[in-house]
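As structure tokens, this is what we get:
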């Protein structure tokens with residue numbers, strides 16, 4: 001599985017946008033970029049995913065670089081509830097749909 | 112979205128014993144996965160459990176230690192055998208559902224081995 005690199009932690013102020021970066025320089029053409037987050041004492045939850053084009057949903061936006069070697073998860077207005085570990089994951093759906101988690105980025109949100 | 116229930120939610124176990132964790136899904140799903148999350152760590156995939164076939168284990172995990180059953184499309188069990196303190200972890204069940212390939216997770220089963 002191709003590897004992703006994320007900062008260990010980031011800090012944000014409440015009600016401000018947050019940009020969570022992810023590098024994946026060895027991404028293959030069939031790898032989808034998935035983001036999950038894990039709130040304290042809960043199982044991970046799906047945030048968003050994309051292949052080549054930028055994606056938006058009610059939770060976040062995903063900006064994918066043109067060469068696909070990096071991506072950014074954008075939380076448009078951070079709330080205290082967004083404090084979590086965010087995982088950037090590459091998954092090739094031809095490989096049995098296994099989802100391999102890296103270390104992720106722990107996001108701290110200040111009131 | 113799938114709703115996943117895991118039992119037990121937490122347990123304290125003695126060294127050398129075995130514990131079976133149950134995972135019940137509110138809809139039929141083909142692909143199910145078991146993960147382990149050690150204290151302060153990320154998730155590690157233990158195995159893929161698809162109904163109708165033997166579970167496929169990841170490197171470092173073996174069937175004798177983590178036997179898995181998948182009797183139907185809504186249920187699975189993971190047994191942690193001959194437990195040691197190193198097995199103290201949160202064990203999570205997840206299922207793949209929908210056209211997006213979104214994973215849904217249970218709340219996890221927190222095991223403490225003394």
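Chains as they are written, first to last, in my numbering: chain A, 1 to 111; chain Z, 112 to 225.
Think of the CB as a built atom: it goes at the ideal place given N, C-alpha and C, for glycine as much as any other residue.
Since this is a predicted model, take the numbers as computed values, not measurements.
Opposing strand residues paired with residue i [DSSP bridges]
i                      : result
residue 215 of chain Z : Z:206
residue 110 of chain A : A:13
residue 186 of chain Z : Z:135, Z:183
residue 117 of chain Z : Z:134
Listed by chain order, chain A residues near residue i by CB distance under 7 Å
i                      : result
residue 213 of chain Z : 46
Partner residues on chain Z for residue i, Cβ-Cβ distance less than 8 Å
i                      : result
residue 108 of chain A : Near residue 108 of chain A there are no residues of chain Z at all, since even the closest Cβ is about 16 Å away, more than 8 Å.
Where residue i sits in the DSSP three-state scheme
i                      : result
residue 122 of chain Z : strand
residue 45 of chain A  : strand
residue 225 of chain Z : coil
residue 91 of chain A  : strand
residue 82 of chain A  : helix
residue 31 of chain A  : strand
residue 21 of chain A  : strand
Where residue i meets chain Z, residues with beta-carbon distance less than 7 Å
i                     : result
residue 98 of chain A : 156, 159
Partner residues on chain A for residue i, Cβ-Cβ distance less than 9 Å
i                      : result
residue 165 of chain Z : What residue 165 of chain Z touches in chain A: nothing, since even the nearest Cβ is about 14 Å away.
residue 218 of chain Z : 41, 42, 43
8 Å Cβ cut-off: residues of chain A touching residue i
i                      : result
residue 143 of chain Z : Under the 8 Å cutoff, chain A gives no residues; its nearest Cβ is about 11 Å from residue 143 of chain Z.
- Stretch-stretch touch, CB-based, cutoff 8 Å, three pairs: the stretch 58-75 of chain A with the stretch 30-50 of chain A: yes
- Query: Fully enclosed by the stretch 121-167 of chain Z, which beta strand (DSSP E) runs are 3 residues long or longer?
  - Reply: 121-124, 130-136, 142-148, 154-161
- Query: Contact between the stretch 16-36 of chain A and the stretch 85-92 of chain A: three or more CB pairs below 8 Å?
  - Reply: yes
- Quick check: the stretch 137-149 of chain Z against the stretch 117-128 of chain Z, are there 3 or more CB pairs under 8 Å? no
- Item | the stretch 128-142 of chain Z / the stretch 185-194 of chain Z touching (three or more Cβ pairs under 8 Å) | yes
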